[in-house]
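Report on the structure given below.
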């Protein structure tokens, strides 16, 4: 599978301008081999919206139609899959969501999956749960490459989330993100970016999965979104990455055979599947106790 | 047999910066704020001859081009002549625009009505007069005022409220003073400006460190630990006296109001910035 990861710099709250920019990116990619285009979290609005999130959120079908319209307007004459973060209005309940949507098909646009961010950062500079409701389910869905899962930003920081996705069969993890850069003591790289790369590479290597990360860029009220769009092989290698500050596109080719090689060399996922029941049923794990109390 | 023993360090949050990375980040911030968001592209700043405004002049010149930076020197009659000279060193090194606007007449025009004004009040009048000049120069030149307050003075409350802190953007407000020094050295700010003792230059021989009662090197380490949540005894364990820690903490705790907009009585469920919440850049 050929994928394109878009490091996108939105105009804050300017949906029309951002859709125009999306259309230009689509035009750039329409004639190539790309089958999947990944955009960051909150790509068409910017991330820090506070109360304006209620004015800039869409139901999934409406948002998908807008993405599909850009692909067609850009001259996309074949179907393409798009993974993109957006603020979702689900009948008056608001989520930080990402959709995997098939655009340009002969019978219209088709939403394959909508993931609602489960871990809403609400500390320090972050205030998501003041405005949004968290998602309750992590699902794996089928793509032309195979089973995949969407994890939005902090979802990927908890090692358990990608672990569950991999156990459910995901071979590809798509991570739309908006990460305000911080930590200037690093060696040529923001400390937050260094941490991101370590997490994503470790995730890919532990489970033998491809990880595709698309980061927002540009400053929002002094907070610089740190880009860092990057692709990781199932061996945990960085296949390509972008810097923090400028928009850009990574083209990456995913080879399912690499997953087999990685898992055959280091079969951690298979080992985990075997041992997980012993770990999970440990009565000292708080979640197990709570489940027993409920029963 | 005696085994070799190695001792792990007691962890302390670092103040080290990567100056190249920091400069790149702050320049991108200035370009985004001035050019992309406000379509303005020109900056105006008060150039005092001190290191903070010198550093901001360097960042603005690098981000926007020197032809788009307007430095305003605003001396009062009691200001040190070396301040003007040091400001000129920065102007000459960068090739930015400069204008000198004396604030003596404006300041004394008011002060003659209040002969009881002490040094602190006079200093505040000067700072607020400079703010007035800076904003008028902004309108005159269609250039955005750029702030020059650093994180240390913001935390210690060592500034005049609604004066030094008024410009709508500030590239160095999250940098401690010692980090300002490090970045200034990297960018090649004249050594005369870097090496002289920081001073508000309101009176002869005044220095910041004497006013505050502690060196910036110590204050920055203590402030950094306070901001990371360290308790007094933990900071003392990392090499500071309790008196130093208390001095710094008292200044921080006593000046939270200076880092906020005015307190507004809330009487509705639509109070601005309480219920009605919109980001600054929407």
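Chains as they are written, first to last, in the working numbering: chain A, 401 to 695; chain B, 918 to 1199. Idealized CB from N, CA, C, for every residue including glycine.
Using CA atoms only, rank isn't needed, just tell me which of 653/A, 570/A, 474/A, 681/A is closest to residue 428/A. 474/A
Runs of 4 residues minimum, wholly inside the region 1137-1161 of chain B: which ones carry the alpha helix (DSSP H) assignment? 1149-1153
Heavy atom of the ligand COA less than 8 Å from the Cβ of residue 1182/B, yes or no? Because no ligand of any kind appears in the structure shown, any question about the ligand COA cannot be addressed here.
Pick helix, strand or coil for residue 483/A, following the three-state DSSP scheme. strand
Which residue comes first and which comes last in the alpha helix (DSSP H) that contains residue 430/A? Here residue 430/A belongs to no alpha helix (DSSP H), and DSSP marks it neither H nor E.
Residue ranges of each beta strand (DSSP E) run of no fewer than 3 residues wholly in the region 564-602 of chain A, ordered along the chain? 572-577
Considering only their Cβ atoms, is the gap separating residue 516/A from residue 490/A smaller than 9 Å? yes
For residue 969/B and residue 1133/B, the rounded distance between their alpha carbons: 13 Å
Using CA coordinates, which residue listed in 519/A, 552/A, 476/A, 420/A is at the minimum distance from residue 483/A? 552/A
Fully enclosed by the region 616-649 of chain A, which beta strand (DSSP E) runs are 3 residues long or longer? 617-620, 623-626, 630-632, 638-641
Please say whether residue 951/B and residue 988/B have beta carbons closer to each other than 9 Å? no
Return the chain-ordered list of same chain residues with a C-beta closer than 7 Å to the C-beta of residue 1095/B, the five sequence neighbours on each side being excluded. 932, 1133, 1134, 1137
Under 9 Å, do residue 1101/B and residue 1188/B count as touching if we go by C-beta distance? no
Could you pull out every residue in the same chain whose Cβ sits closer than 8 Å to the Cβ of residue 451/A, ignoring the five residues on either side in sequence? 531
Residues of chain B with CB under 7 Å from residue 621/A, in chain order? 1196, 1197, 1198
At least one CB of chain B closer than 9 Å to the CB of residue 584/A: is that the case? yes
Output needed for residue 1149/B: all residues of its chain with C-beta closer than 8 Å, excluding positions within five of it in sequence on either side, in chain order. 1159, 1162, 1163, 1166
Could you tell me the boundaries of the alpha helix (DSSP H) in which residue 496/A lies? Careful: residue 496/A lies outside any alpha helix (DSSP H), inside the beta strand (DSSP E) at 493-505.
I'd like to know whether the C-beta atoms of residue 488/A and residue 468/A end up nearer to each other than 9 Å. no
Do residue 500/A and residue 419/A come within 9 Å of each other at the CB atom, strictly closer than that value? no
When the Cα atoms are used, what is the spatial distance from residue 1121/B to residue 626/A? 45 Å
With burial defined as no fewer than 16 other Cβ atoms inside 10 Å of the residue's Cβ, what is the status of residue 1127/B: buried or exposed? exposed
Interface partners of residue 1193/B on chain A, CB under 7 Å: 451
Any chain A beta carbon closer than 9 Å to residue 938/B: yes
Cut-off 7 Å between Cβ atoms - residues of its own chain near residue 1197/B, not counting five sequence neighbours on either side: none
Residue environment, residue 1085/B, which counts as buried when at least 16 other CB atoms sit within 10 Å: exposed
Have a look at residue 656/A and residue 545/A and give me their C-alpha separation to the nearest angstrom. 7 Å
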